[in-house]
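Everything in the sequence shown is counted per the working numbering, starting at 1 for the first residue and increasing by one. Input: a single structure, listed below in structure tokens.
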Amino acid sequence: CKADEFGPFTSHAHQDKRISFIGDTHPVFHGSVVKAIASSQRTYPEIIKLLDQQPEDPKRSEANHFTSNFQQKLSATVERINSSHPAVVEMWVRAPMAAKNFKPGQFFRLQTFEKHSRVVANTRLQIPLQTVSGAGVEGDCVRLLLLRFGANARIAEQLQPGDPLVLMGPTGAPAKLGQQRTVLVIAGAWGAAVMIDLGKALRAAGNRVLFFASFRCQDDIYFKDELEHCADQIVWASTTDSLIECRRTQDVSVNQGNIIELIKDYDNGKIVTGSEKDLINLSEVDEIMIMGSTGLLKAMQESLKEDLKPVFKKNVRATGTVGSPMQCMMKGVCGQCLQWQIDPETGKRTRAVFSCAKQDQPLSWIDLDNLEARQSQNRLSEYMTGLWANHVLEGAAE
């Protein structure tokens, strides 16, 4: 693949027309992703050289118009940034094709270009990779919410309208909305970003939505108006002493950091809303969607086999969102997101799946010990990167 002669147009030639031959299908570059990318790098100069040799064609302007239109639809640029909330950075990205194809429950891979990234204190402020859930679309724009932990949200709020981005996706599997069901969603600060769009879609499909929302305190809640619109009833659970304000009669606020105990209290009638007729009984729940930490997933996985088993229907469907490390997010190329699944009866591993292709998996199938180990791989480097980003940005502000 490093030879001077590598046959960029080996596949087909007819008179002055040629078909370029790029990627893994080229026998010289067959065998790896790296070679496939190398084929593009080595072949494109030959394509440009041939195009430059072509005589002027009246149809060239049509081709240029097509190329320009295609580029506009596939490119991603910052539309606007809202960094006023203490818990989250809201980013609107103009990406027409991504917005057109997005469905509730899907997510994206966000990156910034090294070439356009600002350098502060000899540090290039680049978002190398960010898995971020889609929080809805507006015309040609995709809405992304970045929680304020680590370096990426801090870097994102430095971006300006018009800045180019890499936005791959939408990827992952869209949520199965169903119809005329009762859905219990359990989520915290991370899952709320998904819930903002997903909850609206669930209700629009005719489902009833009960939302157990776990936050540290009132200040950690973002876009509360929208969260209220995404659920028929919300149980606000704060993990600190201060209660979260309830603004609807059917909602309730409690101090409870243990979701399992919260569910038990709700089922036992210890949690009472302002209007009893609005109470959604857990025995009516058809599906439980859990979007939270590995600890929460593990607690729910164990409890649904034992103490919570009589609370719900026998055939209730419980799914957990697998937040494994991801890289390419192209459903089977890099293998970074591989996640073991287990036999719920024996606990033995059965198969490894690409979680970027199917992030919401049956809760009883997820090997949570494997997920926890994978998530801990990059924890130290992410923490150190966050400290350094804060250091250089605070120094620049001074």
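Ideal placement from N, C-alpha and C gives every residue a C-beta, glycine not left out. Model, not experiment: these values are computed from the prediction.
Report task. State the Cα-Cα distance for the pair Thr401 and Leu371, rounded to the nearest angstrom. Result -> Lying before the first or after the last residue shown, residue 401 is absent from the chain, which here runs from 1 to 398.
Query raised in the report: Can you tell me where the beta strand (DSSP E) with His116 in it begins and where it stops?
Result: Per DSSP, His116 lies in no beta strand (DSSP E) and is assigned neither H nor E.
Report task. Please state whether DSSP places Lys264 in a helix, a strand or coil. Result -> helix
Query - Between the CA atoms of Phe211 and Leu177 - distance to the nearest angstrom - result: Cα to Cα, Leu177 sits roughly 15 Å from Phe211.
Report task. Measure the C-alpha to C-alpha separation of Tyr266 and Gln72 and round it to an integer number of angstroms. Result -> 51 Å
Query raised in the report: Going by beta carbon distance, what residues of the same chain come within less than 6 Å of Ala237, once the five residues before and after it are set aside?
Result: Ser214, Val254, Gln256, Leu262
Query raised in the report: How is the alpha helix (DSSP H) around Gln375 delimited, first residue to last?
Result: Counting along the chain, the alpha helix (DSSP H) containing Gln375 begins and ends at 368-375.
Query raised in the report: Unbroken alpha helix (DSSP H) runs of length 4 or more, entirely within the stretch 174-242: which are they?
Result: Within the stretch 174-242, the complete alpha helix (DSSP H) runs of at least 4 residues are 189-204, 224-229.
Query raised in the report: Since Pro45 is in the alpha helix (DSSP H), which residue starts that stretch and which ends it?
Result: 33-52
Query - Spatial distance of Thr43 from Lys103 (CA atoms) - result: 36 Å
**Report entry** Exposed unless 16 or more other CB atoms sit within 10 angstroms - verdict on Phe113
**Finding:** exposed
**Report entry** C-alpha distance - Met400 paired with Ser32, whole-angstrom precision
**Finding:** Outside the shown range of the chain, which is 1 to 398, sits residue 400, and nothing can be said about it.
Query raised in the report: How long is the line joining the alpha carbons of Lys200 and Lys2, rounded to whole angstroms?
Result: 54 Å
**Report entry** Segment contact flag, the stretch 336-353 with the stretch 377-394, C-beta cutoff 8 Å, min 3 pairs
**Finding:** At 8 Å Cβ cutoff, the stretches do not touch.
**Report entry** Every unbroken beta strand (DSSP E) inside the stretch 283-328 [3 residues or more]
**Finding:** 287-291, 317-321
Query raised in the report: Per DSSP, Glu90 forms a beta bridge with which residues?
Result: Asn82, Leu145
Requested in this report: Could you tell me whether the Cβ atoms of Val311 and Leu282 are closer together than 8 Å?
Outcome: yes
Query raised in the report: Who are the Cβ neighbours of Ser40 in its own chain at under 6 Å, not counting the five residues just before and after it?
Result: Ile22
Query raised in the report: Helix, strand or coil: how does DSSP classify Asn258 here?
Result: Residue state, collapsed to three classes: coil.
Query raised in the report: Where DSSP assigns a beta bridge to Leu167, which residues make up the other side?
Result: In the DSSP output, where bridge partners are listed per residue, Leu167 has Leu110.
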